Amino acid sequence: MKYLSEYRDKQLIDTLATRIRSAITQPWVLMEVCGGQTHAIVKYALDQLLPEQLQLVHGPGCPVCVTAPETIDRAIAIALRPDVIFCSFGDMLRVPGSEHSLQQAASKGADVRMLYSPLDALDIARNNPESNVVFFAVGFETTAPASAMALAQARQAQLDNFYVLLSHFLVPPAMRCILGSPGNQVQGFLAPGHVCAVTGIDDYHVLAQQYSVPIVITGFEPADILQGVLHCIEQLERGESKADNQYRRAVQNEGNATAQQLVHDVFQVCDQTWRGIDTIEASGLKLNPDYECFDATRLLHSPIQTANRKNDCISGEILRGIKKPTHCPHFGTGCRPEHPMGAPMVSSEGACAAYFHYQ
Amino acid sequence: MCLAIPGCIETILNEDTLARTATVSFAGIRKTVNVALVPEAQVGDYVIVHVGIAISRLDAEQAQRIFDDLDAASTP
Chain A
1 MKYLSEYRDK QLIDTLATRI RSAITQPWVL MEVCGGQTHA IVKYALDQLL PEQLQLVHGP
61 GCPVCVTAPE TIDRAIAIAL RPDVIFCSFG DMLRVPGSEH SLQQAASKGA DVRMLYSPLD
121 ALDIARNNPE SNVVFFAVGF ETTAPASAMA LAQARQAQLD NFYVLLSHFL VPPAMRCILG
181 SPGNQVQGFL APGHVCAVTG IDDYHVLAQQ YSVPIVITGF EPADILQGVL HCIEQLERGE
241 SKADNQYRRA VQNEGNATAQ QLVHDVFQVC DQTWRGIDTI EASGLKLNPD YECFDATRLL
301 HSPIQTANRK NDCISGEILR GIKKPTHCPH FGTGCRPEHP MGAPMVSSEG ACAAYFHYQ
Chain B
360 MCLAIPGCIE TILNEDTLAR TATVSFAGIR KTVNVALVPE AQVGDYVIVH VGIAISRLDA
420 EQAQRIFDDL DAASTP
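Just so you know, the sequences run in chain order A and B.
All letters in the first sequence, in the order written, are residues 1 to 359 by our numbering.
All letters in the second sequence, in the order written, are residues 360 to 435 by our numbering.
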């Protein structure tokens, strides 16, 4: 496949790995922010090609993993309403809320449907005028334009039976949270290429300068990731801290202005709670007043009781790069993809699922 | 979640502002994709598609850069 297979070429990968080995003279810790990059690293065993002095830690870039249990509880309460068709990306269905998952709600009779695109939910709304159709809009900046597009089209078509339950997150505030936390070990970042294809890279210049940390906007294929690592190591070895763009074929410095405008029309920035991490200031999106009529929480007439059930999942430490999945006593035993204790074991971008499937 | 893959625009199906759609081929597998957010993209262009929506047009010249950089590095 053009623009994919050439970046998986063995000779290219070997050349990059050799250059990384000759560039590095001392230990460094890098974080790849995006769960898609974590999966590529483990799937292609790229970590095995890297020198021992280089440690890659996995970041919080999996929106399924960081969606708060309270939000999933709300999703379940909405989905259980008899007048609701609840639509979600497949990854969200098995993630446990405070007690149950959407899949368990479906087994109790909820009409839960797995979709590929938010635009498909609009078709379901048009074809089921007697039902309220709710889309569980989960994602980072990459997915925000798609959620915004569905809402803008719903408004244009005056669909009055379409709603969204929002769980949108922004990457730079989470990176700032990691960099500002006591005991932070991360010295350089591979930043998420598809997020930056939408937003551009200005925020990352600010972060790099403010925290004196190199940030390389990186793609998702093996050669992209190794080139991102190489550029990051070269900066660290030279004592530099700049935002650099490895993924130039897809990311323009200014991002996608049309997508940014649409997101700005539909959403505004708000504080957001990240599962396992905390509430981070200005790290999420909420609906603009013009779009509040599409808010699915309007379908709930009473507040949701969230069970305060504690489990031993260490996802918070995994998502901040403090621990690796194999440090968890439940990994592969009490916690497996079919019986997950936490979201990183469920999601196709979760670090625990990556380790379970590929290592 | 941020999984997005490149495909080639084969036909523009309509030019509505919000609903601009195209048939996009992913190595022969054809899907209808919303291309409203890449208004500059035309037939023959490659776009990065995420959850049914194109978010970026691929730059063919920049795509070659990784290979050129490595060639330059290995040439004495």
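The C-beta atom is built at its ideal place from N, Cα and C for all residues, glycine as well.
All values reported here derive from a predicted model rather than from experimental measurement.
- At a cut-off of 7 Å, the C-beta of A/Leu-119 has a neighbouring C-beta in chain B.
- The beta carbon of A/Met-1 sits closer than 7 Å to some beta carbon of chain B.
- Neighbours of A/Pro-145 in chain B, taken as residues whose beta carbon is under 8 Å from its own, are Leu-396, Ile-412, Ile-414 in chain order.
- Taking a Cβ-Cβ threshold of 8 Å, the residues of chain A close to B/Leu-417 are Tyr-3, Arg-249, Ala-250, in chain order.
- The beta-bridge partner set that DSSP reports for B/Ser-384 consists of B/Cys-367, B/Arg-389.
- Residue contact with chain B for A/Ala-106: absent (no Cβ-Cβ distance below 7 Å to any residue of chain B).
- Of all residues in the stretch 147 to 165 of chain A, only Met-149, Ala-152, Gln-153, Gln-156 place a beta-carbon less than 8 Å from a beta-carbon of chain B.
- Identification of residues in the stretch 191 to 213 of chain A having a C-beta nearer than 7 Å to some C-beta of chain B yields Pro-192, His-194, Val-195, Ala-197, Val-198, given in sequence order.
- Taken atom to atom, the span from the alpha-carbon of A/Thr-71 to that of A/Ser-22 is near 47 Å.
- In this chain, the alpha helix (DSSP H) harbouring A/Gly-193 covers 193 to 199.
- Beyond the five residues adjoining it in sequence on each side, A/Gly-342 comes within less than 6 Å, by CB distance, of Cys-313, Ser-315 in the same chain, given in chain order.
- Cβ atoms of A/Val-29 and A/Gln-48 stay farther apart than 8 Å, at about 18 Å.
- Using a Cβ-Cβ cut-off of 9 Å, B/Arg-379 is close to nothing in chain A; its nearest Cβ partner there is about 10 Å away.
- Listed along the chain, the chain A residues whose CB falls inside 9 Å of the CB of B/Leu-372 amount to none; the nearest CB is some 14 Å away.
- If you draw a straight line from the Cα of A/Asp-111 to the Cα of A/Ile-85, it is about 5 Å long.
- The shortest CA-to-CA distance from A/Lys-324 to any of A/Pro-344, A/Arg-336, A/Tyr-291 is the one to A/Pro-344.
- If you compare the alpha carbons of A/Val-266, A/Thr-279, A/Arg-275 with that of A/Glu-292, the shortest gap goes to A/Val-266.
- Residue-level contact check: A/Ala-174 does not touch chain B, since none of the beta carbons of chain B fall below 7 Å from its beta carbon.
- Between the alpha carbons of B/Ile-412 and A/Ile-322 lies a distance of about 35 Å.
- With contacts defined by Cβ atoms closer than 7 Å, A/Ile-201 and A/Asn-253 form a contacting pair.
- Each of A/Ala-146, A/Arg-19, A/Asn-132 was checked against the Cα of A/Gln-261, and the nearest Cα belongs to A/Ala-146.
- By alpha-carbon distance to A/Ser-5, the top candidate from A/Arg-81, A/Leu-236, A/Asp-224 is A/Asp-224.
- Interface flag for B/Gln-421 against chain A is set, since a Cβ pair is found closer than 7 Å.
- Per DSSP, A/Ser-212 lies in no beta strand (DSSP E) segment and is marked neither H nor E.
- At a cut-off of 4 residues, the continuous stretches assigned as alpha helix (DSSP H) that sit fully inside the stretch 3 to 50 of chain A are 10 to 23, 35 to 43, 46 to 49.
- A/Cys-62 sits close to A/Ser-347, with the two beta carbons spaced by under 7 Å.
- Just so you know, the alpha carbons of A/Leu-230 and A/Leu-16 end up roughly 7 Å apart.
- The continuous alpha helix (DSSP H) containing A/Arg-176 extends over residues 171 to 180.
- Residue-level contact by beta carbon holds for B/Ile-407 and chain A, with a gap shorter than 7 Å.
- Neighbours of B/Ala-386 in chain A, taken as residues whose beta carbon is under 7 Å from its own, are Met-1 in chain order.
- Contact annotation: B/Thr-380 and B/Thr-391 have beta-carbon atoms nearer than 7 Å.
- Cβ-Cβ distances below 6 Å link A/Gly-219 to Gly-193, Tyr-247 in the same chain, with the five nearest sequence neighbours on each side left out; the list follows chain order.
- Residue contact with chain A for B/Ile-425: present (Cβ-Cβ distance below 7 Å to some residue of chain A).
- Rounded to whole angstroms, the gap between the alpha carbons of B/Ile-414 and B/Val-406 is 7 Å.
- Here the stretch 393 to 408 of chain B does not lie against the stretch 171 to 180 of chain A, with fewer than 3 beta-carbon pairs under 8 Å apart.
- When beta bridges are read from the DSSP output, A/Gly-61 appears opposite A/Cys-34.
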